[in-house]
Amino acid sequence: MRTDAELVNAVLSGEKDLFAVLVKRYERPVRAVALDVLGDYHSATDVSQDAFVRAYERLAGLRKPEAFGHWLMKITRRCALDSARRRPKETRLEIRLRRTAVIENPNGRLDEDKQRLLAAVVKLPGAEKQVVMLRYFGDNSVNDVANSLGRSVGTVTKQLSRAHRRLRKILERSEK
Amino acid sequence: MTAKETIEKRLEKLAQAIRPDESLIESVMSRIDSTSIANPSAAVTVQNVWRIIMKSPITKLAAAAVIIIAVLIGINPFNVSLDGTTAAYAKVKEAVRNVPWMYISYTGYMLDEMGNKKSEEDRTDTEIWYSFKSQIVIQRYYSGLITYSDYTNQEIHTYNPVSKRIVVTALSSKKLPLEANTPWSWLERNIQRMIPFGGEVTRKTGQYDGQEVEVFEIVSAIKPGMAAIRGKIFVDTATSLPIAEERRYINTKTGKPQRVEKGTFEYPEHGPANIYEIGLPSDIPMINSLPLPSWWDIKRVYQSYRRKTTDRYIAIVTSELSILGTPIESVDIFYTDGTRFREERHFMFRPGPIGVQWRQQAAEIGNTFDSILKWSQACKARGQISISIYERNYYHNSRREDDGVWKTTKQIIEGRKWSISEFWNSCPIADMGWPDIRGSADVIQDDYARENKLIRVEVQGKEFYLNPNRDYICQRRIDNKYSQVTDVTEFGRTEASQWYPKRIKGLGKNKMVYLETDPEFPEGIFDPENLPK
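Just so you know, the protein sequences line up as chains S and Z, in that order. 31 is the number of the first residue of the first sequence in our numbering; add one for each residue after it. 221 is the number of the first residue of the second sequence in our numbering; add one for each residue after it.
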């Protein structure tokens, strides 16, 4: 498995198709970040596309290729916020509906509990957020996450466990 | 459940709600392809783009072809954009559309300072067959290496002249070189790529190989660090198709040519149907090295079969002991009409020696769907019997204990509504056929998987062998912790052509499934009033 940094460098050297590997690796984390801002799957998917294309266009400006994931999440958040600013405001009823919706299908929205958890994940520090995203949304083993990020398995394990602790705290506070 | 487990479980559930979307990758890559930025970093330096274009014979061909086609349609590719309305444009577009195959023979060599051909080492002869319609690109190199790329089936067959064998691997790209899937998109992409280089084209009549042709002379602009190109394209006046091309790369410092490339173009009706037709002996072995699909790709299909529910059925599952005579130990029966669900469990034996009981039961129960169903309705089992009916938020149960007395219970569960998928998941067929495979799994084939055309999935000490030809039913599962092997030894098929496991052989216990998906339900079978009392 190639690391993010290796893939970024390969794309910059002309192997454009390898960008698809990065898209595949970060597709769900990116949609999760967009979903946190926008609240619905359709808009999140559109914004994810924009974020990947924007990242591709600016790839040459990425100083640390190993930080690709973190950088991409920031771009995604910015794209999502731009999109949120552009779209019409929801009515009170729509907001109420959205908040009470418990649909879990690709065309719907997340239920309240999941929204809260996602918001907490997005608030995690960069490195922890990245390992959580890759571990759970990428359905990767700890080993795979370590390989992708060019970190040791021990480091990733520690970061995951710190992230779990932090998430528990954030959720305990928000659920009180 | 500990707090840690809770957060991990919650994260897993959240991740499940954000399902993978393969189409996103395609959309992103197609948007990237259509962007004017050919390469994110090198776009600003044309030399790099040029190097990329000139890196392989096929892209060299593309670079040449863009000039060819652009001049054919009457535009200067270096500084004019496409004009889709001109007659010339339409003429060539039509001509190219009708080309089934292009065959290109290229030769290239370096020149010394006196303008003579250098050693043969620099020679780069290549033959290329290109079919947009069949989505096939074949290249034969001077070294003897042959690649046959089939973009429809996403395979590349590579003949290695040293090892003298053909290896089949997956193509890394889904699209033809230069991401073109039609002749026209191929041309347009090439034209777009050539525009940044700059240059001039002049047109006159002339001769090529004794034939009257139109000659297009191309002189590229001089760019720092790049060789200038002086090229000629010879176009058949009758067909409007290029028949040959010559290019010289001029050192801009000395003004002398450094390299020559020549190509001839043919347009055959048919191309080679496979790599052997390029001229390889039929006894050259072909080795399949196609990679296995990822667990993610398999999981999506697997889950879709796993979740595929049937809303009307009567299912009977008998459990046999793997001892002499394989006596049936218990019978489970499931009825559902989509809104109501009835679950029955019949335990065959009372405590004590089973020999005599078994012989009597075997005669009573029979071994057909009808005989077992009839037997169950008479409640003749010698052990416990439990019958439950689920409807809306009601739950009714009648239970006969060893003492032979029936006890009934009724519950109303507020806020509960039973679903068809819950019914299906309660029926053991779902779990026997498609066990819940959790976590990140590895797809690693072994001899058993290869011989039986199964996909072997390994996760946390368990092995699952999925049968893609039988709706991904898990044909074998091995639990290494308990050294337990369970095999589906017989498959059944519903009237709707869905496969299901019919006979399952496990450690100490075998199961047999009888499934009827278009049943006639016995009168009052879902009526709680009819439960035995």
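Backbone N, C-alpha and C define an ideal beta-carbon position, used for all residues, glycine too. Given the structure is predicted, the values throughout are model-derived calculations rather than measurements.
Asked: Alpha-carbon spacing of S:Leu148 relative to Z:Val708, whole angstroms; Found: 41 Å
Asked: Cα-Cα separation, Z:Pro594 to Z:Trp644; Found: Checking the sequence, you will find Lys at residue 594 of chain Z rather than Pro. Taking the straight line from one Cα to the other gives about 23 Å.
Asked: Same chain, Cβ closer than 8 Å to Z:Glu584, five either side skipped, listed in chain order; Found: Trp595, Lys600
Asked: Where the region 357-381 of chain Z meets chain S: residues whose CB sits under 7 Å from a CB there; Found: none
Asked: Interfacial residues, the region 227-251 of chain Z to chain S, with Cβ spacing under 9 Å; Found: Ile227, Glu228, Arg230, Leu231, Glu232, Lys233, Leu234, Ala235, Gln236, Ala237, Ile238, Arg239, Pro240, Asp241, Glu242, Ser243, Leu244, Ile245, Glu246, Ser247, Val248, Met249, Arg251
Asked: Backbone secondary structure at Z:Arg612 - three-state DSSP; Found: coil
Asked: Through-space distance from Z:Val387 to Z:Ile813, alpha-carbon basis; Found: Absent from the structure is residue 813 of chain Z, since the part of chain Z shown begins at 221 and ends at 753.
Asked: Span separating the alpha-carbon of Z:Pro462 from that of Z:Ile453; Found: 7 Å
Asked: Touching by the beta-carbon criterion (3+ pairs, under 8 Å), the region 673-682 of chain Z and the region 707-727 of chain Z; Found: no
Asked: Helix, strand or coil at Z:Phe569 according to DSSP, with G and I counted as helix; Found: coil
Asked: Buried or exposed (CB count within 10 angstroms, at least 16 for buried), Z:Ile273; Found: Residue confidence is low: Z:Ile273 scores 34 on pLDDT, short of 50, so the model does not pin down where it sits. Its coordinate-derived value is still stated next. With 16 or more Cβ atoms within 10 Å of its Cβ, Z:Ile273 is classed as buried.
Asked: Environment of Z:Tyr702 [buried if 16+ CB atoms lie within 10 Å]; Found: exposed
Asked: Assigned secondary structure, S:Thr4 (DSSP; H/G/I helix, E/B strand, else coil); Found: The question about residue 4 of chain S has no answer here: the residues shown for chain S are numbered 31 through 206.
Asked: Among Z:Arg560, Z:Ile449, Z:Arg239, the one whose alpha carbon lies nearest that of Z:Gln204; Found: There is no way to answer for residue 204 of chain Z, as the model of chain Z reaches only from 221 to 753.
Asked: Residues that S:Leu197 contacts on chain Z, provided the C-beta gap is smaller than 9 Å; Found: Ile227, Arg230, Leu231
Asked: Closer than 7 Å at the beta carbon, the chain S residues around Z:Trp842; Found: Chain Z is shown from 221 up to 753; residue 842 of chain Z falls before or after that span and cannot be answered.
Asked: Classification of Z:Glu754 by the beta-carbon crowding that lies within 10 angstroms, buried from 16 upward; Found: In the structure displayed, chain Z extends from 221 to 753; residue 754 of chain Z sits before or after that span and is not available.
Asked: DSSP-derived helix/strand/coil call for Z:Phe741; Found: coil
Asked: For Z:Asn388: DSSP bridge partner residues; Found: The sequence as given places Val at residue 388 of chain Z; Asn does not occur at that position. According to DSSP, Z:Val388 bridges with Z:His377, Z:Asn508.
Asked: Helix, strand or coil at Z:Asn587 according to DSSP, with G and I counted as helix; Found: coil
Asked: Sheet register partners of Z:Leu686 (DSSP bridge); Found: Z:Ile675, Z:Cys694
Asked: Strand pairing of Z:Ser618, partner residues [DSSP]; Found: Z:Ile607, Z:Thr628
Asked: S:Gln189: contacting residues in chain Z (beta-carbon distance under 9 Å); Found: Result: empty, since nearest Cβ-Cβ is about 14 Å, beyond 9 Å.
Asked: CB-CB length for Z:Phe561 against Z:Trp638, believed under 8 Å; Found: 6 Å
Asked: Where the region 643-661 of chain Z meets chain S: residues whose CB sits under 7 Å from a CB there; Found: Ser660
Asked: is_contact[S:Phe82, chain Z] using C-beta, thresh 9 Å; Found: yes
Asked: CA-to-CA distance, S:Glu87 to S:Gly44, given in whole angstroms; Found: 13 Å
Asked: For S:Val152 and S:Lys159, believed in contact at Cβ under 8 Å, the rounded distance; Found: 7 Å
Asked: Secondary structure of S:Lys85, DSSP reduced to three states; Found: Per the sequence shown, residue 85 of chain S should be read as Ala rather than Lys. Helix, per DSSP.
Asked: Partners in chain Z for S:Leu147, counting only beta-carbon separations shorter than 9 Å; Found: Ile227, Arg230, Leu231, Lys233, Leu234
Asked: Those runs of the alpha helix (DSSP H) which lie wholly inside the region 634-663 of chain Z and span at least 4 residues; Found: 640-646, 648-653
Asked: Length of the line joining the Cα atoms of Z:Glu810 and Z:Phe436; Found: A query on residue 810 of chain Z cannot be resolved here, the shown segment of chain Z reaching from 221 to 753 and no further.
Asked: Secondary structure of S:Ile133, DSSP reduced to three states; Found: Only weak support exists for where S:Ile133 lies, its pLDDT of 31 falling under 50; the coordinates are left without a value.
Asked: Minimum C-alpha distance to Z:Ser325 - residue among Z:Phe485, Z:Arg230, Z:Asn672; Found: Z:Phe485
Asked: Supposed close pair Z:Lys729, Z:Ser539 - CB separation, criterion 8 Å; Found: 6 Å
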